[in-house]
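J.:
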Amino acid sequence: MQTNGQDTENGKGMPDINADENMAGTTHLNDALADESEFDKKQQELDEMKDKYLRLVAEFDNFRKRTAKERIELMQTANKETIIALLDVLDDSERAAKQLENTTDITAIKEGVMLVFNKLKSTLQAKGLKPMENLHTEFNADLHDAVTEIPAPTEELKGKVLDELQKGYLLNDKLIRHARVVVGK
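Below is the structure:
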């Protein structure tokens, strides 16, 4: 049996003065190992988070570059459909120009020019282009550019569009060119 650090079995009878220190050292060593193990876990978690962050940043950068490239390609080819549709009108215009050189019949020339014009108009309308109707409508600064104001011939035409100098156009119901108009005052 052992009491107060004495070894009665071995008969030494001397107290072990280092026993408390050895126990404290072992406890400190265990705490240090536990702290080091905890630190290693936290360091590993931090390394995993850094790796995830770097991968996410790289993915986002690739996404940004890819979408910028796609946007540039889209802008470069956005008008392709419209241009292809207008090539028929261009071909008709070239044929009409050749006929102008050889024909003296004015009515045939007028009919040919009107056919080309109507084809151009219908092609553009098929692509969503619509001319705005402006005459005798209320002046709207969002849709019209007032070139000048003139005295209105009647009282009900005051503040309304009296003449259209240049047509305004809508593309798929979005304004692409303001109408240049004369307004009554």
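According to our numbering, the sequence shown holds residues 6 to 190 in order. Think of the CB as a built atom: it goes at the ideal place given N, C-alpha and C, for glycine as much as any other residue.
#1: Using DSSP with H/G/I as helix, E/B as strand and the rest coil, what is Ala-2?
#2: Hey, Thr-128 and Ala-90: beta-carbon distance below 9 Å or not?
#3: Per DSSP, what kind of secondary structure is Ala-184 in: helix, strand or coil?
#4: From the DSSP output, which residues share a beta bridge with Lys-135?
#5: I need the DSSP call for Gly-164, collapsed to helix, strand or coil.
#6: Taking Asn-84 as part of the alpha helix (DSSP H), name the residues at either end of that continuous run.
#7: What is the DSSP secondary structure of Leu-51, reduced to helix, strand or coil?
#8: So what does DSSP say about Leu-140, is it helix, strand or coil?
#9: Roughly how far, in whole angstroms, is the beta-carbon of Val-152 from the beta-carbon of Val-121, given that I think they are within contact range, below 8 Å?
T.: Taking the coordinates as given:
#1: Residue coverage of the chain in this structure runs from 6 to 190, which leaves residue 2 outside it and unanswerable.
#2: yes
#3: Look at Ala-184 here: in three-state DSSP terms it is strand.
#4: Beta-bridge pairing links Lys-135 to Leu-175.
#5: coil
#6: Where Asn-84 is concerned, there is no enclosing alpha helix (DSSP H), given that its DSSP letter is neither H nor E.
#7: helix
#8: coil
#9: With 8 Å as the limit, Val-152 and Val-121 do not qualify as a contact, their Cβ atoms being about 30 Å apart.
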